[in-house]
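2 protein chains.
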Amino acid sequence: MTSVCATGQHDHHDVYAQQCPCRGLLELIANKWTALAVGALAAGPQRFGALQRQLEGVSPKVLTQTLRRLEDANLISRTVYPAVPLHVEYELTEVGWSLTVPLKALRQWVEEHVDEARV
Amino acid sequence: MTSVCATGQHDHHDVYAQQCPCRGLLELIANKWTALAVGALAAGPQRFGALQRQLEGVSPKVLTQTLRRLEDANLISRTVYPAVPLHVEYELTEVGWSLTVPLKALRQWVEEHVDEARV
DNA sequence: CGGTATCCCGTGCGATACTG
DNA sequence: CAGTATCGCACGGGATACCG
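Each protein sequence line maps, in turn, to chains D and X.
In terms of UniProt numbering, the first sequence has 108 at position 108, counting the first letter as 1, and numbering is strictly consecutive.
In terms of UniProt numbering, the second sequence has 117 at position 117, counting the first letter as 1, and numbering is strictly consecutive.
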């Protein structure tokens, strides 16, 4: 069994439907900036402004949406340091950090097959 | 360096922008059915109708779009057997097959962290 | 059987302006 | 500094009907 969704418990009657456990993750990292934000945070905790500069072209609204979704998914944490001016740090959680491993595998696949695959 | 996009050649000046080589792949598998179609085809060559039944809920138009994109990316091949009724087979290419490896890593991550991460 | 054509809708994304 | 508010558009996706 090598499919994305099937488990060892399943057989050829598998349905790759809405119930697939991959769906949630795929829909999360599917959007434009999420995986890139995780990649940026893999270098260490970052402030909102720093993330916005690294993810070139992202608007503050969209960056906020992206970070909120990651926070809701428990992949990053948001820490506010009450000060003037405001200081907010985003950081990968432990489980968020673990996600960088398969994500990095994906990146390596791209590097290795960028010529064969027209992605 | 553990970020999604940075390579060993890069340093802290990396920009996770539109130029990131991951972007193409992420935008490809980002949509609703692509990764699932790859997963289905990992079980072996499939006909259009069989894919449509496995990817429960997909409309013929969207399935066609999905398969065309995968074909354009050189990840699957489309073979027409001229007969009545028509017989069309979709099959993973070699590079398409190689993609199932990191995709499977992603699935395993989901299974292992489904409780910690609310994806 | 394996699609295309057509219509429609939700939402992800972007630009800009403004605020605690 | 770190967002929110508002507007608008493009596009992915869905339903249905039809075609070679």
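Ideal placement from N, C-alpha and C gives every residue a C-beta, glycine not left out.
The structure presented is a predicted model; accordingly, all values stated were derived computationally and were not measured.
| Query | Result |
| --- | --- |
| Taking the beta carbon of residue 41 of chain X as the centre, do at least 16 other beta carbons fall within 10 Å, making it buried, or is it exposed? | buried |
| For residue 98 of chain D, decide whether its Cβ has a neighbour in chain X, counting only Cβ atoms nearer than 8 Å. | yes |
| Comparing C-alpha positions only, which one of X:107, X:102, X:108 sits nearest to residue 106 of chain D? | X:102 |
| For residue 116 of chain D, which residues in chain X fall below 7 Å Cβ to Cβ? | 74, 95 |
| So the beta strand (DSSP E) residue 77 of chain X belongs to, where does it begin and stop? | 76-81 |
| Helix, strand or coil: which one does DSSP assign to residue 91 of chain D? | strand |
| Alpha helix (DSSP H) containing residue 71 of chain D: first to last residue? | 60-72 |
| Have a look at X:109, X:89, X:90, X:99 and flag the residue whose alpha-carbon is nearest the alpha-carbon of residue 95 of chain D. | X:109 |
| When DSSP labels each residue in this structure, what does residue 47 of chain D get in the three-state scheme? | strand |
| For residue 55 of chain X and residue 87 of chain D, what's the separation of their Cα atoms in angstroms? | 46 Å |
| Just to confirm before moving on: does the CB-CB distance between residue 93 of chain X and residue 69 of chain X stay below 8 Å? | no |
| Could you compute how far the alpha carbon of residue 116 of chain D sits from the alpha carbon of residue 82 of chain D? | 51 Å |
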